[in-house]
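Asks: After the C-alpha cells below, expect a handful of questions from me.
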Amino acid sequence: MSTSRPPVFLERQSYRRRRLADAARLLPLAGAVAFVFPVFWSGGDEAAARPATADAGLYVFAVWLGLIVLAALLSGRLVRHGEDADQDG
Amino acid sequence: MLSFNLLLAVCLCYVVLLFAIAFWAEKRAEGGRLGWLRSPLVYTLSLSIYCTAWTFYGAVGYAARSGLEFATIYLGPTLIMVGWWGILRKMVRIGRTQRITSIADLISSRYGKSTLLGVLVTLLAVLGTTPYIALQLQSVTLSFAVFATDSHVATPEHWQSPDLEATALWVAAGLAIFTIVFGTRNIDVNERHHGVVTAIAVEAVVKLLALLAVGAFVVWSVADGPGDIYRYIDASPISDWQVAPGRWIGLTFLSAAAFLCLPRMFHVLVVENADERHLATASWAFPLYLFAMSLFVVPIAVVGLATMPEGSNPDLFVLTLPLSFDREVLAMFAFLGGFSSATSMVIVAAIALATMVSNHIVMPIWLATRTDGASMSGDVRNVLLLSRRLSIIGVLGLGYTYFRVSGGGTALAAIGLISFVGVAQVLPALLGGIFWRGATRVGAALGVGVGFAIWLYALLLPSFGPDAAMPAALLQDGPWGVGWLRPQALLGTGAMDPVIHALFWSILLNTLAFCAGSLLTFPTPLERLQGADFVHVFRHPAGARGWSPGMAEAEDLLIMAQRILGPSEAQALFQAEASAQGKQGYLPDTTSDFLDRLERELAGSVGAATAHAMLGQITGGAAVSVEELMRVADETAQIMEYSAQLEAKSAELSRTARQLREANEKLTALSIQKDAFLSQISHELRTPMTSIRSFSEILRDGGVEEPEARSRYAGIIHDEALRLTRLLDDLLDLSVLENGQVTLNEQDVMLSQVIDRAVTATGSRADGLRIRRNPADEQVPLRTDPDRLAQVFINLIANARKYCDAAEPELGIAVRRGGVAVSVDFVDNGAGIPRDAQAVIFEKFSRLGDTSAAGGAGLGLAICREIMVRLGGGISYLPGQGGAAFRVTLPLANVRAA
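Given below as C-alpha cells:
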C-alpha cells in the first residue's frame with residue numbers, strides 16, 4: 011500500500027525544527043546522565059576524595075538550574091515553530 | 003504564643019477563602035470569562051499538587067536523615083517535564099482526542115476499552131492512594147499538635163488526644179464537601195474544574211511562599227547568609243552522607259514513573275489541560291517550582307539539627323523552627339503552607355479516584371445489573387453524579403480509616419515511597435500503550451497484575467511489620483521455607499534496600515510479563531484500532547472507525563445520550579450532526595463516524611469502556627470485526643491504487659498532449675512550407691515553361707532568320723527543359739528513396755575518395771569557396787554506396803557555396819572516428835541557420851527565406867537525410883559551430899577495422 015509518505019528531504023527551516031524536537035527529546039537523557047554523576051563519588055573509601063555534601067548539593071542544584079534554562083529556551087522555540095516537528099526524519 | 007483557637011480560626015478563614023476563590027472561578031468560567039484562569043501559569047501551579055504535605059514537611063526530615071537524597075523525589079519529575087516533547091505531549095494529545103477521563107481510562111481505552119484493565123488500574127490506584135491520603139491527614143493533625151502543645155516538640159502521644167483525632171475527621175469532612183461541591187459540578191470531566199484548579203493554584207502559591215519564607219528566615223535570620231549555611235552543613239551529620247547508588251538512581255526513576263502514573267498527577271497534567279502549549283511553559287516553570295521548593299530544604303534541616311533540642315522530629319522543623327524563635331506569624335504561614343499541600347493533594351486525588359471508581363467499577367456493575375440495558379429508564383446523570391459523590395466520600399473515608407487503623411507513626415511516613423512503587427506498576431502498560439502498537443490487552447493485564455502482586459508481596463504487606471499483615475516466619479524464611487522467595491529478598495537479593503528491591507523486581511517482571519503477553523497474543527480489532535490511534539496520534543488526528551454503520555436507531559441513541567449528557571447537550575450534538583449530514587431535525591443517520599463521535603462524547607462522561615459497552619448494547623454489539631477492518635483497509639488501498647492509476651494515466655495523457663502539440667506545430671509549419679513550396683514550384687515550373695513556350699513560339703512563327711539566334715533560342719529551350727527535368731528527377735529521387743525502392747550499390751571505398759569526388763564535382767575552387775580539409779583523418783575505409791554518399795556531400799558543399807554569406811566563404815570538412823561511428827562535419831563560416839528553422843530544414847520543400855537566388859526546390863537536404871537513413875547513418879544540424887554546420891554520421895557497421 012503506497013500511502014503518501016512524508017518527504018525525505020526538507021527545506022532548511024523544517025529541518026531545523028525537527029532537530030529542535032530531537033534536542034527536546036535528548037534533554038532529559040542528558041539531565042539523567044548529569045544527575046547520575048554523584049553516584050560515582052561514593053565509590054572510594056577515603057572520605058577526603060569525595061566532595062562534601064554541600065558541594066554535591068551545589069552540583070545537583072546547578073545541573074537542575076541548567077536543565078530549567080535549557081528547557082525554557084527549547085520549549086519557547088518549539089512552541090513558536092508549531093506542529094511541524096512531529097515527524098521524525 | 004498562638005492559641006489553638008486562633009489557629010483554628012485562621013485555618014477556617016483560609017478554607018472559606020478557598021471556597022470563595024473556587025466559587026468565583028466557577029462563576030467566571032460559567033460566564034465564559036476565563037481569562038488568566040486558563041493561563042499556563044495556573045496550569046503549572048496546579049501541577050504543584052505533586053508537592054504534598056509529605057514533601058512540604060517530610061523533605062526536611064528526609065534531608066536530616068538521608069542528606070541530598072530527598073532531591074531524587076523532585077529530580078524524576080524534573081526530567082519528565084523537561085522531556086515533555088517526548089512523552090507528556092503525546093499523553094495530552096491522546097487525552098484530548100480520545101476524551102480520556104483518568105489514567106485507568108487511558109489504559110482501558112488503549113487496550114480495546116477493556117473493563118478488566120480499568121478495574122485493575124482503579125484498584126491499584128485506590129490501594130496506592132489511600133495510604134497517601136492518610137499521610138496527608140496525619141500531617142495536618144501533626145501540625146495541629148505542634149500548636150496544641152506548649153513544648154515545640156511533637157511526639158506521638160500528642161496527636162492521640164481525642165481533640166486531634168477529631169481534627170482529622172473534620173479535615174476529611176471539609177475536604178469531602180469542597181471536593182463534592184467543586185469537583186462534581188459537571189459530569190463531563192473534560193469540561194474541567196476551574197474552581198478546583200484555581201483554588202489549587204492559590205494553594206500552590208501559598209505553600210511555595212511559606213517554604214521560601216521559612217527558608218529565608220533560616221538562612222538570613224538564624225544563620226548568617228549562605229556562607230554560614232555552608233559551615234552548618236559541614237558541621238552537621240549530613241556532611242557524612244554519601245550517595246547510595248541504588249537508592250539515588252532507583253528513587254529518581256521511581257519519582258519519574260510515579261509522576262506519570264499517579265492518578266492525581268494524570269488528572270492535572272492531562273485531563274485538566276486546556277491547551278497543549280501550557281505544557282511547554284510548564285516544562286520549565288514546574289521544574290523551577292520544584293527547584294524553589296527544595297532550595298531551602300537542606301538549610302532548614304541543618305539549622306534545625308543544630309539549634310533544636312535533641313529528639314525533635316525533623317519532619318516538623320518547618321513549623322517548629324520559627325516557633326522556637328518565637329516567630330509565630332511565620333509559623334502560622336508555614337502551617338497554612340503545609341495545610342495547603344495536604345488539602346490540594348487530597349482534593350485532586352479524590353476527584354481522580356472518584357472518576358475512576360465511578361466510571362470503571364460502579365458504572366459497569368450498574369450497567370450489568372440493569373436487565374433493560376442501555377436504553378434504560380431513569381437519568382444516568384443522576385446515578386453517575388451520585389456514584390461520584392459517594393466515591394469521593396468513600397475514598398476520603400478509606401483514607402481516614404487507614405489513618406485511624408494504622409495509628410500514624412513511622413509506618414505511615416514510609417508509605418509515600420511505597421505507594422509510589424504501587425502506582426508505578428502502570429508505567430509499562432502506559433508507555434507501551436502509547437509507543438508500541440503491538441502491546442495487547444492480555445500483555446497489559448498480565449504486566450499490571452504481576453507488578454501489582456509483587457508490590458503487595460514484597461513491599462506493601464511486609465511494610466506493616468512482622469506478624470501485622472504477614473507472618474514473621476514468612477518474612478524470615480520465605481513461603482514453605484523456600485529462602486529464594488523471601489518477600490524482601492527475592493532470589494537472594496536481600497542486600498538491596500527494600501523499596502528498591504521491590505521496585506526492581508516488580509517493574510522488571512511487570513515489563514517482562516507485559517512484553518511476553520503482548521508478543522504471544524493476538525489483539526482484538528478494537529485494540530488494533532485504538533493502538534493505531536494512540537501510537538500515531540500525531541499522524542491521524544481524525545481517528546479510525548470502530549463501528550459498523552446502520553445497526554442502531556438514532557432515536558435510541560438520542561434517548562441514551564440525553565440520559566448521560568443531559569437533554570440540551572445531547573440534542574445539540576445530534577442536531578449538529580444531522581445538519582452536518584444535510585438533514586433536518588434531531589436524528590442523523592447512524593454512520594460509523596457519528597457513532598465514533600458519540601462514543602467519544604460519552605466517554606468524556608463515563609469513561610471509554612462504559613461508553614463502548616453502552617453503545618454496544620444499543621447497536622447489538624456491532625463493533626467492527628477483523629473482516630470489517632480488513633475490508634476498510636482494502637477499500638482504502640483500492641482507492642489509493644485507483645488514484646495512483648489515475649495519476650499515471652493523467653501523466654501519460656499530458657505527455658501525449660505535449661507530443662501532439664509538438665506534432666501539430668510541426669504539421670502547421672510543414673503545411674505552410676508546402677503552400678510556400680507549391681507557389682515556389684509553380685513559379686519554378688512556370689518560369690522555364692514560359693521561356694520554352696515563348697522561344698518555341700518565336701521559332702515556330704519563323705520570325706528569326708539568323709541561324710545563331712535560332713540556335714541560341716533552341717539552346718535556351720534545351721536548358722530550360724534540362725532544368726525542368728532536374729527538378730522532376732529530384733522529386734522522383736526523393737519519392738523512390740522514401741518508398742524504400744532504392745537499391746544500394748555497396749563497394750569498399752576510402753572516405754577521402756568520396757570527399758574528393760564531391761569537392762571536384764561542385765567545382766567550388768572556381769567561385770571562391772575555400773575548403774579546409776585534413777587528409778590524414780580522411781583515410782577511413784568504408785563499405786557503402788559511394789555514389790549516394792558523394793551525392794550527400796555534394797549537396798552539402800553546394801549548399802555552403804550557395805548560402806554562405808561570409809565575405810571570404812570557407813568550408814571546413816572534419817572527419818572524426820568515434821568508437822561506434824565515423825562522423826563527417828561540414829562547417830562553414832556564414833551566418834548559420836536560425837534556431838527556429840533548424841527543426842524543419844530536413845523536411846521536403848523546406849527553403850529558408852527568399853531563396854530565389856539559389857534556384858533549388860528545397861529537396862536537397864531531404865534527399866540527403868533519406869540517403870543517410872538508407873546507408874544506416876544519419877545527418878543532423880550541429881548548432882553552435884559559428885556557422886551552418888552539418889554532421890554526417892556513418893555507423894560502426896560501415897566502418898571496417900583498419
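For the record, the sequence lines run as chains A and B. Residues 11 to 99 in my numbering are what the first sequence lists, from first letter to last. Residues 3 to 900 in my numbering are what the second sequence lists, from first letter to last. Backbone N, C-alpha and C fix where the C-beta goes; we use that ideal spot for every residue, glycine too.
Helix, strand or coil: how does DSSP classify E555 (chain B) here?
Replies: Within the second sequence, residue 555 (chain B) is the residue found at index 553, counting from 1. Assignment of E555 (chain B) by DSSP, reduced to helix, strand and coil, places it in the coil class.
Asks: Rank B:G440, B:S104, B:M334 by C-alpha distance to the C-alpha of A11 (chain B) and give the top, closest one.
Replies: For the purposes of this step, residue 11 (chain B) is taken as residue 9 along the second sequence, with counting starting at 1. It is B:M334.
Asks: What does the Cβ neighbour count give for V220 (chain B), buried or exposed, with the cut at 16 atoms within 10 Å?
Replies: Here residue 220 (chain B) refers to the residue found at position 218 of the second sequence. By the neighbour-count rule (16 or more Cβ atoms within 10 Å), V220 (chain B) is buried.
Asks: Can D479 (chain B) and Y59 (chain B) be called in contact, C-beta distance under 8 Å?
Replies: As a first step, residue 479 (chain B) is located in the second sequence; it is residue number 477 there, counting from the start. As a first step, residue 59 (chain B) is located in the second sequence; it is residue number 57 there, counting from the start. The answer is no: Cβ separation not under 8 Å.
Asks: For M914 (chain B), which of helix, strand or coil comes out of DSSP?
Replies: Because chain B spans 3 through 900 in this model, residue 914 (chain B) falls outside it and cannot be assessed.
Asks: Here's the rule I'm using: 16 or more other beta-carbon atoms within 10 Å means buried, otherwise exposed. How should V18 (chain B) be labelled?
Replies: Along the second sequence, read from residue 1 onward, the residue named residue 18 (chain B) stands at position 16. Result: exposed.
Asks: Any C-beta of chain A within less than 7 Å: which residues of the segment 220 to 237 of chain B qualify?
Replies: Y232, I235, D236
Asks: Go through its chain and collect everything with a Cβ distance to V84 (chain B)'s Cβ below 8 Å, but skip five positions before and after it.
Replies: For the purposes of this step, residue 84 (chain B) is taken as residue 82 along the second sequence, with counting starting at 1. The answer, listed in chain order, is S285, W286, P289.
Asks: Going along chain A in order, which residues have a C-beta closer than 8 Å to the C-beta of I240 (chain B)?
Replies: Counting from one through the second sequence, the residue named residue 240 (chain B) turns up at place 238. Residues of chain A whose Cβ lies closer than 8 Å to the Cβ of I240 (chain B) are, in chain order, T63.
Asks: Reducing DSSP to helix, strand and coil, say where Y459 (chain B) ends up.
Replies: Translated into positions along the second sequence, residue 459 (chain B) becomes position 457. Helix, per DSSP.
Asks: With three or more C-beta pairs closer than 8 Å as the rule, is the segment 70 to 86 of chain B touching the segment 254 to 266 of chain B?
Replies: yes
Asks: Below 8 Å on the Cβ atoms is my contact criterion, and I expect A66 (chain A) with P48 (chain A) to pass it. Report the Cβ-Cβ distance as a whole number of Å.
Replies: What you label residue 66 (chain A) is simply residue 56 of the first sequence in a count that begins at 1. What you label residue 48 (chain A) is simply residue 38 of the first sequence in a count that begins at 1. Indeed, because the Cβ distance is near 6 Å, the residues count as touching under 8 Å.
Asks: What residues in the segment 65 to 78 of chain B bring their beta carbon closer than 7 Å to a beta carbon of chain A?
Replies: G69, L70, A73, L77
Asks: How big is the Cα-Cα spacing for I109 (chain B) and E330 (chain B)?
Replies: Locating residue 109 (chain B) in the second sequence gives position 107, where the first residue counts as 1. Locating residue 330 (chain B) in the second sequence gives position 328, where the first residue counts as 1. Using only the alpha carbons, I get a separation of about 48 Å.
Asks: Given R818 (chain B), which residues of its chain have a CB within under 6 Å of its CB, disregarding the five upstream and five downstream residues?
Replies: As a first step, residue 818 (chain B) is located in the second sequence; it is residue number 816 there, counting from the start. S825.
Asks: So what's S50 (chain B) in DSSP terms, helix, strand or just coil?
Replies: The residue labelled residue 50 (chain B) in the question sits at position 48 within the second sequence. Note: S50 (chain B) maps to helix in three-state DSSP.
Asks: Taking E603 (chain B) and L559 (chain B) to be in contact with their CB atoms under 8 Å, please state how far apart those CB atoms are, rounded to whole angstroms.
Replies: Position 601 of the second sequence, counted from the first residue, corresponds to residue 603 (chain B). Position 557 of the second sequence, counted from the first residue, corresponds to residue 559 (chain B). Not confirmed; about 11 Å, so no contact.
Asks: If we count the other Cβ atoms within 10 Å of its Cβ and call it buried at 16 or more, is L8 (chain B) buried or exposed?
Replies: Taking the first residue of the second sequence as position 1, residue 8 (chain B) is located at position 6. Exposed is the call here.
Asks: Could you list which residues in chain A have their beta carbon closer than 9 Å to that of P316 (chain B), in chain order?
Replies: Position 314 of the second sequence holds residue 316 (chain B). Chain A residues near P316 (chain B): none, gap ~16 Å exceeds 9 Å.
Asks: Do you know offhand how far I105 (chain B)'s Cα is from L126 (chain B)'s?
Replies: Your numbering for residue 105 (chain B) matches position 103 in the second sequence. Your numbering for residue 126 (chain B) matches position 124 in the second sequence. About 11 Å.
Asks: Between which two residues does the beta strand (DSSP E) harbouring I835 (chain B) extend?
Replies: Along the second sequence, one-based indexing puts residue 835 (chain B) at 833. From DSSP, I835 (chain B) is part of no beta strand (DSSP E); its letter is neither H nor E.
Asks: Specify the secondary structure class of R530 (chain B) as computed by DSSP and reduced to three states.
Replies: Here the question's residue 530 (chain B) lines up with position 528 in the second sequence. R530 (chain B) falls in the helix class under three-state DSSP.
Asks: Using a Cβ distance threshold of 8 Å, determine whether the segment 824 to 840 of chain B contacts the segment 870 to 888 of chain B, with at least three qualifying pairs required.
Replies: yes
Asks: Grab me the residues of G440 (chain B)'s own chain with a C-beta within less than 6 Å of its C-beta, minus the 5 sequence neighbours each way, in chain order.
Replies: Mapped onto the second sequence, residue 440 (chain B) falls at position 438. Counting only Cβ-Cβ distances below 6 Å, and skipping sequence neighbours, we find S520.
Asks: List the residues of chain A that L290 (chain B) touches, going by C-beta distances under 7 Å, in chain order.
Replies: Stepping through the second sequence from its first residue, residue 290 (chain B) is reached at position 288. For L290 (chain B), the chain A residues whose Cβ falls inside 7 Å of its Cβ are I78, in order along the chain.
Asks: Have a look at the DSSP bridge pairing and note the partners of D750 (chain B).
Replies: Here the question's residue 750 (chain B) lines up with position 748 in the second sequence. Partner(s): B:R785.
Asks: Could you work out which residue in B:I353, B:G217, B:M347, B:L332 is closest to A303 (chain B) when comparing CA atoms only?
Replies: Sequence index remark: in the second sequence, residue 303 (chain B) carries index 301 (1-based). Check the Cα spacing between A303 (chain B) and each of B:I353, B:G217, B:M347, B:L332: the tightest is with B:G217.
Asks: Alpha carbons only, please: which of B:F405, B:E167, B:T131 is nearest the one belonging to M347 (chain B)?
Replies: Position 345 of the second sequence, counting from 1, holds the residue named residue 347 (chain B). Cα-wise, what sits closest to M347 (chain B) is B:T131.
Asks: Short check: CB of A354 (chain B) to CB of S141 (chain B), under 8 Å?
Replies: The residue labelled residue 354 (chain B) in the question sits at position 352 within the second sequence. The residue labelled residue 141 (chain B) in the question sits at position 139 within the second sequence. With contacts defined by Cβ atoms closer than 8 Å, A354 (chain B) and S141 (chain B) do not form a contacting pair.
Asks: Quick check: the Cα distance between G705 (chain B) and T786 (chain B), rounded to an integer number of angstroms?
Replies: Taking the first residue of the second sequence as 1, we reach residue 705 (chain B) at position 703. Taking the first residue of the second sequence as 1, we reach residue 786 (chain B) at position 784. If you take the alpha carbons of G705 (chain B) and T786 (chain B), they lie about 54 Å apart.
Asks: As a quick exercise: from B:A518, B:V273, B:I456, B:F6, pick the residue whose alpha carbon is nearest that of I96 (chain B).
Replies: The residue you call residue 96 (chain B) lines up with position 94 of the second sequence. Comparing Cα positions, the closest option is B:V273.
Asks: Q162 (chain B) by DSSP, collapsed to three states: which one?
Replies: Working through the second sequence from its first residue, we reach residue 162 (chain B) at position 160. Because the pLDDT of Q162 (chain B) is 45, which lies under 50, any placement of that residue in the model is unreliable, and the question is left without a value.
Asks: Does DSSP put L36 (chain B) in a helix, a strand or coil?
Replies: For the purposes of this step, residue 36 (chain B) is taken as the residue at position 34 of the second sequence. The answer is coil: DSSP assigns L36 (chain B) none of H, G, I, E or B.
Asks: With a cut-off of 8 Å, does the C-beta of F293 (chain B) fall near any C-beta of chain A?
Replies: Indexing the second sequence from 1 puts residue 293 (chain B) at position 291. Interface residue, yes.
Asks: Name the chain B residues whose beta carbon is nearer than 7 Å to that of V89 (chain A)?
Replies: Here the question's residue 89 (chain A) lines up with position 79 in the first sequence. Per Cβ cutoff of 7 Å: R279, A282.
Asks: Could you check whether the Cβ of S85 (chain A) sits closer than 8 Å to any Cβ belonging to chain B?
Replies: The residue given as residue 85 (chain A) occupies position 75 in the first sequence. Interface residue, yes.
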